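I have placed the structure first, in the form of structure tokens, so that the comments after it can refer back to it.
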Amino acid sequence: MSTETAEMLKMTGQAAITAALFQAMEEDSKVLVFGEDVADREGGGVMGTTRGLSTKFGDLRVRSTPIAEQSIVGAAVGAAMAGYKPVAEIMLMNFITVAMDMIVNHAAKLRFMSGGQSTVPLVIRTLTGAGWQTAGQHSDHYEGWFAHTAGIKVVAPATPADYKGLLLSAIQDPDPVLFIENSRTLFVPGEVAADQGPIPLGKARVAREGTHISLITYSGMVANCLAAAAELETQGISAEVIDLRTVSPWDKDAVLASADKTGRAIVVHEAVRHFGPGGEIASTIQEELFRKLKAPVRRLGAPYSAVPFAKVLEDAFLVQPADIAAAAKALCEYD
Amino acid sequence: MFSPRSSRGDKAKPFERGLMSQTLENRASPDAATQLDIYRRMVRIERNDEFTRTQIRRGRITAPYYSARGQEVIPSTLSNLMTDDDVICTIYRGIHDMVAKGMPLRPLWAEICGRIDGTCKGKGGPMHLTHPETGVMVTTGIVGSSMPIANGFAWASLLDGSKRVTVAYFGDGASNIGAFHEALNLASVWKLPVIFVCSNNGFAEHTRYENATSVDFISKRAIGYGMPGYTVDGNDPLDMYAHAHAAIERARAGDGPTLLECKTFRFMGHVFGDADSYMTKEEKDAALAKDPLVLFRQKLLDDGIATEEQLEEMKTSIEAEVQDAIDFAFESGYASVDELRRDVFAEEIPA
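Sequence order for the protein chains is D and P.
The opening residue of the first sequence carries number 675 in this note's numbering; numbering runs sequentially from there.
The opening residue of the second sequence carries number 388 in this note's numbering; numbering runs sequentially from there.
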């Protein structure tokens, strides 16, 4: 029995999230889902991700809210402190800016400020990512802000299986979790085990093994790194792709093990490079592995600008597989 | 339960109710024991406040302090009507709300002194006191933020099927921030068992009410959110009792939220030590002359609810409680610096 291959299902990241929400709500009556348009009366979410939940679990546990993000996250904080496990949806990551006080000053800090008396086990699901010409206020990757805030975890999956497994863990986590869905990966189908369970937060995944260089990435850029790795292979360069899965706390052990093995590393993210998460990771690699590195650690991220509208500009804004391959080749030729 | 029609004389009130502010019918009245309990809570606030200011003046505490002197009636009356299961979300100038709710003074003092035996191990301080056992769930340092969180507790009451009510305390200044408006709207749409209690002391930090607020009565804003809103004499325990009673009953009955605008005055300015240059001497003197603590004490004596001796004994015993708490706090140690790695997450961060 134990050697039998688990049944695999083909589904998108979005379907995996829906499955995780159904499973979590079924298993634990304290799990709540709310946000703009999430109930079936409103269509089960603008993307349809929460479709069916209110019909199955009732209008009190699955509630559509006014368009009032501060109020949404505030209610999540209070309900979480009162013993519930709210999964609040903030439709798009840019809309989180109007709920920053509730996230940064309250959700993230109440456990510490209360000396451990208050617990805030909430999840904020949010969607973002460039590539759809939604321009400057609908596609930013702001995970760096939250990774910089002590007391909130930041999860950014890249595959359908991870969307399901990491969301299940996020919901049961005793602390607040920001769960970032990337708009370029969310609708890409992939294999998910029929019995896919929780995947631990803070643990990276080796998305592709390699020996010459480590590409350290997460979220939508995992696909770009894998494409770059395939291109590099044709040039005789073996690139390892590390999918962090969790941006904070990030899996330092896995990153250092890979960079130690290859001696070269590039951190790749969709967020603006300037003061982005890549700075923290690259700096740690250099502090810990200085004498073992064969080349400086590089960072690739978006330029210091707003997300542009015109397709030609948006393509230039996003780190492309060719950019990653070129940077990797240069590091492999570094001397 | 609420109607714009005035059903009472409103005689001898220190303010005029606005034309549109709502008037409560079926006013509940506190019996003698209730009045005495409200007064006891007021004295506990006032003695605790006086002792705190003394310790600050002596240099024994270094912390910003926002005295609630003059505003004792509001939380004392509400707390009389709340149970230990009922919860409050209050603000950085809300120590009186906690004292009224029954928070024990030893951990309160240890916290404002930053000690390990404080309610928050010295990690929150006077602006972030938390004591779930007495229902003090959140103390926020951000103006307006008590309200959206209070909604979450109130929603939990609906999910639990419990009768627990949640009180969100805030000031008149907070009624101008977005959180107030978002929270009132959601509470009304979801019919949440929450009471929004605004202590309107006439000043938002140093800015006079009318220079920053678009309406003459904050209670009028309730109309825009489809909930009852009352302007109450927040320095009169009888007026406070009638309105707090109605609001709590309404919440427990599942009829939804209420906004109470409680008119009061800040005797000690915004932060302890401020020069009050933004108010006139006349208005401050007039307010001091109507000290709610003095007036209510006299009423209890006049009505034969308590004797001079009883009230003196009450005061002495409260002073002993406060002094004991101060002694306890100063004998307590400080947290280890390892506490910086604890309570960030449930799991301790490795050294």
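From the three backbone atoms N, C-alpha and C, an ideal C-beta is built for every residue, glycine too.
What you are looking at is a predicted structure, and each value in this text was computed from that prediction instead of being measured.
query                                                                                                                                                                                                              : result
In the DSSP assignment, the beta strand (DSSP E) including residue 682 of chain D goes from what residue to what residue?                                                                                          : 682 to 686
Let me check one thing: in DSSP terms, what residues is residue 547 of chain P bridge-paired to?                                                                                                                   : DSSP, once it has assigned bridges, lists no residue as partnering residue 547 of chain P.
Let me check understanding here. Comparing Cα to Cα, which of D:902, D:742 and D:922 lies closest to residue 996 of chain D?                                                                                       : D:902
According to the neighbour-count rule (16 or more other Cβ atoms, all chains shown, within 10 Å of its Cβ), is residue 924 of chain D buried or exposed?                                                           : buried
Do you know how far the Cα of residue 915 of chain D is from the Cα of residue 888 of chain D?                                                                                                                     : 6 Å
Take the Cβ of residue 781 of chain D as the centre, count every other Cβ of all protein chains shown within 10 Å, and call the residue buried at 16 or more, exposed below.                                       : buried
What residues are listed by DSSP as bridge partners for residue 799 of chain D?                                                                                                                                    : D:763 and D:853
Give me, in chain order, the residues of the same chain whose beta-carbon lies closer than 6 Å to that of residue 583 of chain P; leave out the 5 immediate sequence neighbours on both sides.                     : 555 and 646
What residues from chain D crowd round residue 545 of chain P, counting only those whose CB sits closer than 8 Å?                                                                                                  : 734
Does the beta carbon of residue 1011 of chain D sit closer than 8 Å to a beta carbon anywhere in chain P?                                                                                                          : A query on residue 1011 of chain D cannot be resolved here, the shown segment of chain D reaching from 675 to 1009 and no further.
What's the C-alpha gap between residue 998 of chain D and residue 864 of chain D?                                                                                                                                  : 24 Å
Reducing DSSP to helix, strand and coil, say where residue 389 of chain P ends up.                                                                                                                                 : Its pLDDT being 37, under 50, residue 389 of chain P is placed unreliably in this model, and the value from its coordinates should be taken loosely. If DSSP states are grouped into helix, strand and coil, residue 389 of chain P belongs with the strands.
Given 8 Å as the limit, is there contact between the segment 945 to 952 of chain D and the segment 970 to 983 of chain D, that is, 3 or more CB pairs closer than that?                                            : yes
Do residue 818 of chain D and residue 856 of chain D count as a contact pair if the criterion is CB distance below 8 Å?                                                                                            : no
Are the C-beta of residue 407 of chain P and some C-beta of chain D separated by less than 8 Å?                                                                                                                    : At residue 407 of chain P, the pLDDT of 45 sits below 50, so the modelled position is not reliable; the number obtained from the coordinates is stated separately. So, not an interface residue.
Can you confirm whether the segment 512 to 529 of chain P touches the segment 742 to 750 of chain D when touching is taken to mean that 3 or more C-beta pairs between the two stretches lie within less than 8 Å? : no
Could you give the uninterrupted runs of the beta strand (DSSP E) lying entirely in the segment 624 to 665 of chain P, keeping only those of 3 residues or more?                                                   : 645 to 650
Need the endpoints of the alpha helix (DSSP H) that residue 827 of chain D sits in, please.                                                                                                                        : First-last for residue 827 of chain D: 827 to 829, but that is the beta strand (DSSP E), not the alpha helix (DSSP H).
Any C-beta of chain D sitting closer than 8 Å to the C-beta of residue 519 of chain P?                                                                                                                             : yes
Kindly examine the ligand HEM and report whether one of its heavy atoms sits closer than 7 Å to the Cβ of residue 562 of chain P.                                                                                  : For the ligand HEM, the structure offers nothing, since it holds no ligand at all.
DSSP on residue 580 of chain P, reduced to helix/strand/coil?                                                                                                                                                      : coil
Can you list, in chain order, the residues of the segment 785 to 800 of chain D whose Cβ is nearer than 8 Å to any Cβ on chain P?                                                                                  : 785, 786, 787, 788, 789, 790, 791, 792 and 793
From residue 737 of chain D to residue 695 of chain D, what distance separates their C-alpha atoms?                                                                                                                : 14 Å
Please return the same chain residues whose Cβ sits closer than 8 Å to the Cβ of residue 755 of chain D, not counting the five positions on each side in sequence.                                                 : 784, 792, 793 and 794
With a threshold of 8 Å, are at least 3 pairs of Cβ atoms found where one atom belongs to the segment 755 to 768 of chain D and the other to the segment 794 to 806 of chain D?                                    : yes
Does DSSP classify residue 949 of chain D as helix, strand or coil?                                                                                                                                                : coil
Anyone know if the C-beta pair for residue 714 of chain D and residue 728 of chain D falls short of 8 Å?                                                                                                           : yes
Tell me the DSSP bridge mates of residue 887 of chain D?                                                                                                                                                           : D:913
Any residues in the segment 841 to 862 of chain D with a beta carbon nearer than 9 Å to a beta carbon of chain P? Which ones, in chain order?                                                                      : 847, 848 and 849
Whole angstroms is fine: what's the gap from residue 639 of chain P's alpha carbon to residue 699 of chain D's?                                                                                                    : 28 Å
Can you tell me which of the three DSSP states residue 463 of chain P falls into?                                                                                                                                  : helix
Under 8 Å by Cβ, that's how I've got residue 866 of chain D and residue 685 of chain D pegged, so tell me the actual separation to the nearest angstrom.                                                           : 5 Å
Which of the three DSSP states is assigned to residue 409 of chain P in this structure?                                                                                                                            : strand
Taking three-plus beta-carbon pairs below 8 Å as touching, is the segment 569 to 582 of chain P in contact with the segment 602 to 616 of chain P?                                                                 : yes
Buried or exposed: which applies to residue 707 of chain P, given that a residue is buried once 16 or more other Cβ atoms fall within 10 Å of its Cβ?                                                              : exposed
Buried or exposed: which applies to residue 631 of chain D, given that a residue is buried once 16 or more other Cβ atoms fall within 10 Å of its Cβ?                                                              : Residue 631 of chain D is absent from the structure shown; chain D starts at 675 and stops at 1009.
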